[in-house]
Each structure stands twice: as C-alpha cells, then as structure tokens.
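The listed protein sequences correspond, in order, to chains P and G.
Its first residue numbered 2, the first sequence is counted upward by one per residue in the numbering used here.
Its first residue numbered 238, the second sequence is counted upward by one per residue in the numbering used here.
For each residue, glycine too, the CB sits at the ideal point set by N, CA and C.
What follows is a set of notes on a single structure, which appears directly below.
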Amino acid sequence: KAGVTQTPRYLIKTRGQQVTLSCSPISGHRSVSWYQQTPGQGLQFLFEYFSETQRNKGNFPGRFSGRQFSNSRSEMNVSTLELGDSALYLCASSHNGGGYEQYFGPGTRLTVT
Amino acid sequence: GENVEQHPSTLSVQEGDSAVIKCTYSDSASNYFPWYKQELGKGPQLIIDIRSNVGEKKDQRIAVTLNKTAKHFSLHITETQPEDSAVYFCAAANSGYALNFGKGTSLLVTP
Numbered sequence: 002k003a004g005v006t007q008t009p010r011y012l013i014k015t016r017g018q019q020v021t022l023s024c025s026p027i028s029g030h031r032s033v034s035w036y037q038q039t040p041g042q043g044l045q046f047l048f049e050y051f052s053e054t055q056r057n058k059g060n061f062p063g064r065f066s067g068r069q070f071s072n073s074r075s076e077m078n079v080s081t082l083e084l085g086d087s088a089l090y091l092c093a094s095s096h097n098g099g100g101y102e103q104y105f106g107p108g109t110r111l112t113v114t
Numbered sequence: 238g239e240n241v242e243q244h245p246s247t248l249s250v251q252e253g254d255s256a257v258i259k260c261t262y263s264d265s266a267s268n269y270f271p272w273y274k275q276e277l278g279k280g281p282q283l284i285i286d287i288r289s290n291v292g293e294k295k296d297q298r299i300a301v302t303l304n305k306t307a308k309h310f311s312l313h314i315t316e317t318q319p320e321d322s323a324v325y326f327c328a329a330a331n332s333g334y335a336l337n338f339g340k341g342t343s344l345l346v347t348p
C-alpha cells in the first residue's frame with residue numbers, strides 16, 4: 002500500500018498571507034489528523050477528521066482550519082500567517098482514528114518570512 | 238489534559254548496547270501508548286505500540302513495557318545498530334482522542 006502523501010513538501014510564505022496544505026491518506030483509512038511540529042513545542046495536535054467530520058480539535062486559534070473530502074483526502078488552511086506559524090506540518094492517517102495506529106506522512110515544511 | 242514527559246532528551250550508546258527511553262503520563266484514562274521513530278527529513282514512523290490491557294510487548298529488538306499503576310511506560314532497544322540513530326517519541330491517548338506526545342529523545346548509536 003502507498004503511504005501517506007503530503008503536498009507541497011516545502012513552502013515559503015510572507016506574513017499575512019494564507020496557505021493550504023494537502024494530505025492523501027493510506028487507501029482505506031478514514032481518519033486524518035494534523036499536527037504541528039516545532040523545536041520548541043514539539044508535536045502538537047491540530048485537528049482530526051473522520052468521514053468528512055471534524056472529530057477532535059486541539060488548542061490552536063481559528064486561523065487554522067481544515068476539511069476532509071469524500072475520498073478521505075484532507076486539506077488544512079492557515080490564514081493571516083504569522084512568523085510563529087513556521088513549522089513542519091504533519092498529517093497522519095488511521096483506519097479507526099482517535100489516535101490509534103496513526104501513520105504519518107513526510108510533512109510540509111512551512112517557512113513564514 | 239494529558240501531559241507526557243519523556244526522558245532522557247539525548248542518549249548516546251555504543252553499537253551493540255541497549256537503550257532505554259522512559260515516559261510518564263498524567264491521565265489515568267489513557268489506554269494507548271505508541272512509540273515513533275523520526276529520522277531527519279522524514280515523518281514519525283510507528284515502531285511499536287501497547288494498549289493498557291497489556292504489560293509488555295516485543296517485536297524483534299524492540300520492546301515496550303507499561304506500568305499502569307505508576308503511569309509510566311518504556312521503550313527498550315537491544316543490540317543497537319547505527320541505523321537506530323534517530324529521534325524517538327512516546328505518546329499517550331485516551332480512546333477516541335488525539336495523541337499527546339513527549340518532547341522526544343535523540344538517540345545516537347556510535348560504531
């Protein structure tokens with residue numbers, strides 16, 4: 002089976018812009034979770050989508066949003082980018098969700114200047 | 238919410254030695270404990286996991302132990318090899334909720 006894919010792999014944006022990241026889960030997985038990874042804060046949970054519905058949400062401002070499509074592919078959007086949003090954004094898919102057996106993609110490295 | 242603490246933050250061992258990484262968690266309702274390995278430029282890779290109804294699980298050179306009473310779990314890697322060098326993360330989850338990760342352990346295996 003193909004693994005989790007994320008596009009783009011690298012992105013450079015300017016403060017105030019918005020960005021959309023994409024994630025394609027492992028075939029058959031209905032859950033997609035998004036995490037932000039930074040050296041200072043480590044891996045932090047953003048949100049989880051299961052069968053197109055947001056099931057869990059982490060403690061991030063409303064500028065961070067996401068959605069899931071009927072084919073389980075997911076996108077996350079960050080509006081009004083801030084310098085502190087520079088991070089590796091990781092997507093993970095699982096069959097049943099809820100943190101169980103999550104498989105991560107390679108991530109999108111976002112740099113905000 | 239759940240708080241996961243991981244120690245040590247860095248660990249250096251010689252090839253062939255064992256490595257042990259320890260984590261503690263705060264939420265007694267947590268029931269799923271995975272371990273991830275992250276190599277440079279890659280996403281975390283699930284290497285082993287354990288559920289709260291099991292005390293120990295082994296997969297070749299790696300094993301995980303869980304002490305629910307003390308709320309701690311550990312990763313054991315035996316006969317370490319240079320390719321085991323990476324950052325290792327522990328995590329905990331309460332069924333239906335998200336993973337809470339430790340801060341990571343940078344393991345270096347020297348030949």
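Exercise for review: For P/ASN57, decide whether its Cβ has a neighbour in chain G, counting only Cβ atoms nearer than 8 angstroms.
Suggested key: yes
Check your understanding: Is the region 311 to 326 of chain G touching the region 337 to 348 of chain G in the sense that three or more CB pairs, one from each, lie closer than 8 angstroms?
Key -> yes
Check your understanding: So what's P/LEU84 in DSSP terms, helix, strand or just coil?
Key -> helix
Exercise for review: Measuring only between beta-carbons, confirm whether P/TYR90 sits less than 8 angstroms from chain G.
Suggested key: False, the Cβ-Cβ gap to chain G never drops below 8 angstroms.
Point to revise | Nearest-angstrom Cα separation, counted from G/GLY278 out to P/THR15 | key: If I take the Cα positions, the gap works out to 23 angstroms.
Exercise for review: Out of P/ARG68, P/GLN45, P/ALA88 and P/GLY63, state which residue places its alpha-carbon closest to the alpha-carbon of P/THR54.
Suggested key: P/ARG68
Review point. Looking only at its own chain, which residues have a Cβ that is under 7 angstroms from the Cβ of P/SER73, when we skip the five neighbours before and after it?
Key: PRO26, HIS30, ARG31 and VAL33
Point to revise | Sequence-distant residues of the same chain with beta carbon closer than 6 angstroms to P/ARG56, five excluded per side | key: GLU49
**Study point:** 7 angstroms CB neighbourhood of G/ILE284 in its chain, flanking five on each side removed
**Key:** Result list for G/ILE284: TRP272, TYR273, LYS274 and ILE299, in chain order.
Check your understanding: Is the Cβ of P/SER34 closer than 8 angstroms to any Cβ of chain G?
Key -> yes
Review point. Who are the neighbours of P/PRO107 on chain G, taking C-beta pairs under 8 angstroms?
Key: Using a Cβ-Cβ cut-off of 8 angstroms, P/PRO107 is close to GLY278, LYS279 and GLY280 of chain G, given in chain order.
Point to revise | Residue span of the beta strand (DSSP E) that contains P/ASN57, given as start and end | key: 54 to 58
Check your understanding: P/PHE46 versus chain G: which residues are under 7 angstroms apart at the beta carbon?
Key -> ALA335 and LEU336
Check your understanding: What separation, rounded to the nearest whole angstrom, lies between the Cα atoms of G/SER246 and G/ASN290?
Key -> 28 angstroms
Review point. If you draw a straight line from the alpha carbon of P/PRO118 to that of G/ALA266, how long is it in whole angstroms?
Key: Because residue 118 of chain P is not part of the residues shown, which for chain P are 2 to 114, the question remains open.
Check your understanding: Is there at least one Cβ from chain G nearer than 8 angstroms to P/TYR104's Cβ?
Key -> yes
Check your understanding: If we ignore side chains and look at the alpha-carbon of each, how far apart do P/TYR101 and G/ALA330 end up?
Key -> 8 angstroms
Check your understanding: Looking only at its own chain, which residues have a Cβ that is under 6 angstroms from the Cβ of G/LYS259, when we skip the five neighbours before and after it?
Key -> HIS244 and SER311
Review point. Should P/TYR11 be labelled buried (16 or more other beta-carbon atoms within 10 Å of its own) or exposed?
Key: Per the 10 Å Cβ criterion, exposed.
Check your understanding: Pick from P/ASN78, P/SER52, P/GLY98 and P/ASN60: whose alpha carbon is nearest that of P/TYR119?
Key -> There is no way to answer for residue 119 of chain P, as the model of chain P reaches only from 2 to 114.
Practice item. State yes or no: is the C-beta of G/VAL241 within less than 8 angstroms of the C-beta of G/TYR262? Key: yes
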